[in-house]
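Q: For the working numbering, add 806 to where a residue sits in the sequence shown, where the first one is 1. Every residue gets a Cβ at the ideal spot worked out from N, C-alpha and C, and that includes glycine. A single structure is presented below for examination.
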Amino acid sequence: TNTTDIARHLKEGSLKELDAQEGLPGIILGKELAGRLGIYENDVVTVLSPAGEIGPLGMLPKVKKFRLIGIFEVGMFEYDSNLALVSLKSAQDFFGMGNAVTGIEVKISDVYRAAEVRERIQQALGFPYLVKDWMQMNKNLFSALKLEKFTMFVILVLIILVASFNIVSTLIMNVIEKQREIAILKAMGTTNRGIMAVFMIQGFLIGLIGTVIGLTGGYTLSYILTTYQIIKLPPGIYYLSHLPVKMHLSDFVAVSASAITISFLSTIYPAWQAAKLNPIEPLRYE
807 TNTTDIARHL KEGSLKELDA QEGLPGIILG KELAGRLGIY ENDVVTVLSP AGEIGPLGML
867 PKVKKFRLIG IFEVGMFEYD SNLALVSLKS AQDFFGMGNA VTGIEVKISD VYRAAEVRER
927 IQQALGFPYL VKDWMQMNKN LFSALKLEKF TMFVILVLII LVASFNIVST LIMNVIEKQR
987 EIAILKAMGT TNRGIMAVFM IQGFLIGLIG TVIGLTGGYT LSYILTTYQI IKLPPGIYYL
1047 SHLPVKMHLS DFVAVSASAI TISFLSTIYP AWQAAKLNPI EPLRYE
């Protein structure tokens, strides 16, 4: 089974040619690596190994010629610029390993169970074999991404807090402008709780409408970025050729709940100010 799914990322060529019995053995290179070397499909590639053999003139590197049969692009600069693929037999012959291998890669259906599967394999194999999962191999990267995501959530909450001050100021101005109407309602028997409810509902609706508009805009923008990959990144810096976007329902729920909660809490003070308004003053000169 092809555990790397490299066939899905081939831009040129076919994996079947790796096992060709005639002519030079095949090799597949990453797009960035092939571009840096200035070679194209069917060109001859000379591969050198530092683990050479001792000859009359000293240590001589191993040299083997391959034919470029394909070019792949996975979107990660680290792989596209450094990785070369050959058949297992060609690699074993080139490095003089016989039937041995240096490692075996296992692909599982649920990538988030990698730690569990790793522990089971490690227990089965024991010492001196070492088993690593994809999270361990990219620990620093995922730690940085996790911190960045948390930081962005904090920044988003701060932005919502700033927006909530606009709701507060809008409601306070509304209370000032509606003093006469508030006084009339109180004179007609409306309770302080009823007055507070009017302004709290108004503020809640402002926050709810803003949240819906924000979610709609955010989803639309994320969909466009995911589909068309319009934001390109320097692959040599970010390891990726474009900005990856993945939408999670939990993120939408968390942001919506935070925005609506903060918007609702921001209505309490203006509503309380409206409720404690003395109805006599606004109606004195009516």
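(1) Please classify K945 as buried or exposed, where buried requires at least 16 other C-beta atoms within 10 Å of its C-beta.
(2) Going by C-alpha distance, which of G832, Q928, L854 and A1080 is nearest M1006?
(3) Please state the DSSP three-state secondary structure of S975.
(4) For I818, which residues from the same chain have a beta carbon less than 7 Å from its beta carbon, with the 5 sequence-adjacent residues on both sides left out?
(5) Per DSSP, S896 is paired with what?
(6) Could you tell me the boundaries of the beta strand (DSSP E) in which I1019 lies?
(7) Within its chain, find whatever has a CB closer than 7 Å to the CB of A921; leave out the 5 residues flanking it on each side and keep chain order.
(8) Please report how far the alpha carbon of V912 lies from the alpha carbon of L866, in whole angstroms.
(9) Smallest Cα separation from I833: which of S1056, E823 and G841?
(10) At 4 residues or longer, what runs of the alpha helix (DSSP H) sit wholly inside the region 940-988?
(11) Specify the secondary structure class of E818 as computed by DSSP and reduced to three states.
(12) Less than 8 Å between the beta carbons of L1083 and I988, yes or no?
(13) With distances taken Cα to Cα, identify the nearest neighbour of W1078 among I1086, M994, A993 and N980.
(14) Taking 8 Å as the threshold (C-beta atoms), are I990 and S1069 in contact?
(15) Hey, how far is the Cα of I927 from the Cα of N905?
(16) Below 8 Å on the Cβ atoms is my contact criterion, and I expect I978 with K992 to pass it. Report the Cβ-Cβ distance as a whole number of Å.
(17) Have a look at F959 and I1037 and give me their C-alpha separation to the nearest angstrom.
(18) So the candidates are G1023, S896 and V937; which of them puts its Cα closest to the Cα of E828?
(19) If S790 sits next to D825, beta carbons under 8 Å apart, how far is it from one beta carbon to the other, in whole angstroms?
(20) When the Cα atoms are used, what is the spatial distance from V880 to S820?
(21) Could you tell me the distance, in whole angstroms, from the CA atom of V851 to the CA atom of L1049?
A: The structure says:
(1) exposed
(2) Selected option, being the one with the closest Cα: A1080.
(3) helix
(4) What sits at residue 818 in the sequence shown is Glu, not Ile. Result list for E818: E847, G876 and I877, in chain order.
(5) Residue pairing of S896 in beta bridges, as defined by DSSP: absent, with no partner found.
(6) It is not in any beta strand (DSSP E) - I1019 instead sits in the alpha helix (DSSP H) that spans N998 to Y1034.
(7) Counting only Cβ-Cβ distances below 7 Å, and skipping sequence neighbours, we find D939 and M941.
(8) 35 Å
(9) E823
(10) Runs found: 940-943 and 945-983.
(11) strand
(12) Taking 8 Å as the cut-off, the beta carbon of L1083 is found closer than this to the beta carbon of I988.
(13) N980
(14) Contact check for S1069 against I990 fails: the beta carbons are separated by 8 Å or more.
(15) Roughly 22 Å separates the two Cα atoms.
(16) Contact flag wrong, Cβ pair sits at about 18 Å.
(17) 21 Å
(18) Per the C-alpha coordinates, the member of G1023, S896 and V937 positioned closest to E828 is S896.
(19) This structure leaves residue 790 out entirely; the chain is present only between 807 and 1092.
(20) 15 Å
(21) 33 Å
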